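Numbering (the numbering used here), first residue to last: -8 to 283.
Glycine included, C-beta positions come from ideal geometry on N, C-alpha and C.
It should be emphasised that the depicted structure is a prediction, and the values quoted were computed from it without experimental measurement.
The block underneath contains the structure these notes are about, expressed in structure tokens.
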Ligand code: HXC
Ligand code: NAP
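Structure representation (structure tokens):
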């Protein structure tokens, strides 16, 4: 058994219908696949119908599960309403939402136009609140227990240069996670978040770690495990937080980054560079300063 293996092996999500925004690619696709393997019905929604159709076809064949692909720009409430309507028509009800759709690219902030700022904040923050609000209203009205899982990042709370619109928007999503967890617990709606460190996807890595920069900066150096995340380990966590096994977890954000953000925040973590054999000398010097 390794971290690359599926954690649940049975039908732990049978009877649930889950909407994954941005489910046609990257981490959204990996979560969608695992949810289907665990018996859930899936709805995937993103702007490119051809992309989500191809993913739906592929995953239907691979898992034998049920999946519906509906084109939707999460920035547009009417399109989100249409996804919910189509999902209910196909599967009877919807029980889970993964706010996974996102936009992002690196840029010095002063180079951004107002529209560049808008496009990221609108996809990430407005998209997440559109989906949460409209599904929440449906759950409350119909007395259905619901689970929301928001995909944020570790810079939701640290902030980060060069991705400022994304940081601002993800911080908003994290605050929404905790706020709705408190307000909607009484309706049996749970709201949690996952904060991943770097997981290789075409969408993220092409926009955040272009090859030239990757060579120079080597993002792996920042990661204690000296490896990127495996999609299955994120899917395992997403399955747990969507399942009834996590029924008592609400308003939580679970970081999955091998300790990357803490490693780089710690004042003295860079002392990793000191060779073991040098510590005798260093200790002697430090002890030598003790007053007798
Ligand atoms: C500066 C840029 C830019 C760039 C676009 N713009 N790219 N500005 N640098 N690299 C500006 C444009 O000039 C335009 O402003 C405005 O942004 C909108 O651009 P469009 O191309 O018209 O937008 P659109 O076609 O809607 O595409 C949206 C997008 C694109 C966000 C720009 O990248 C996209 O579709 N992304 C979806 C997938 C994605 O980003 N995945 C990565 C998520 S990774 P003007 O004023 O010129 O008109 C992630 C991980 C974080 O979030 C954590 C990692 C560890
Ligand atoms: P990705 O493959 O680019 O996923 C982003 C998805 O969002 C795409 O499927 C895209 O599909 C969809 N999308 C973008 N704009 C949309 C819109 N307006 N309406 C509907 N869908 C839209 O990148 P990823 O790496 O898998 O990212 C998935 C999530 O993980 C994001 O929330 C990201 O912030 C988060 N994350 C990723 C990493 C990482 O290292 N990969 C780290 C931390 C957090 P369309 O283009 O078809 O719309």
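In the DSSP assignment, the residues bridged to residue 139 are 88, 182. By the criterion of a C-beta distance shorter than 7 Å, residue 77 is surrounded in its chain by 59, 61, once the five residues flanking it on both sides are discounted. Separation of residue 114 and residue 84 (C-alpha to C-alpha, rounded to the nearest whole angstrom) is 25 Å.
Residue 117 is positioned such that its CB atom lies closer than 8 Å to that of residue 66. The beta carbon of residue 168 is closer than 6 Å to those of 141, 182, 184 in its chain, skipping five residues each way along the sequence. Annotation for residue 62: the continuous beta strand (DSSP E) segment containing it runs 58 to 62.
For residue 15, the closest C-alpha among the options 112, 35, 4, 177 is that of 35. What you get when you keep residues with a C-beta closer than 5 Å to any heavy atom of ligand 1 is 93, 94, 95, 96, 98, 104, 106, 107, 110, 144, 189, 194, 195.
Using a cutoff of 7 Å, the CB of residue 36 counts as near ligand 2, since one of the ligand's heavy atoms is closer than that.
With a threshold of 7 Å, the Cβ atom of residue 64 counts as near ligand 2, since some heavy atom of the ligand is closer than that.
Comparing alpha carbon positions, the residue from 122, -6, 70, 75 closest to residue 38 is 70.
If you draw a straight line from the Cα of residue 89 to the Cα of residue 10, it is about 6 Å long. At a threshold of 7 Å, residue 39 counts as near ligand 2, since its beta carbon sits closer than that to one of the ligand's heavy atoms. Annotation: residue 271 to residue 258 spans about 21 Å, alpha carbon to alpha carbon.
In this structure, ligand 2 has a non-hydrogen atom nearer than 7 Å to the beta-carbon of residue 16. The C-alpha of residue 53 lies about 58 Å from the C-alpha of residue 274. Following the DSSP letters along the chain, one finds residue 8 inside the beta strand (DSSP E) bounded by residues 8 to 12. Around the CB of residue 283, fewer than 16 other CB atoms lie within 10 Å, so the residue is classed as exposed. Nearest Cα to residue 13 within the set 4, 23, 131: 23. For residue 214, the closest C-alpha among the options 25, 108, 189, 196 is that of 189. Counting along the chain, residue 244 sits inside the beta strand (DSSP E) bounded by residues 244 to 247. For residue 133, the uninterrupted alpha helix (DSSP H) segment begins and ends at 118 to 133. Short of 6 Å from the beta carbon of residue 31, and not among the five residues preceding or following it, lie these beta carbons of its own chain, in chain order: 4, 7, 9.
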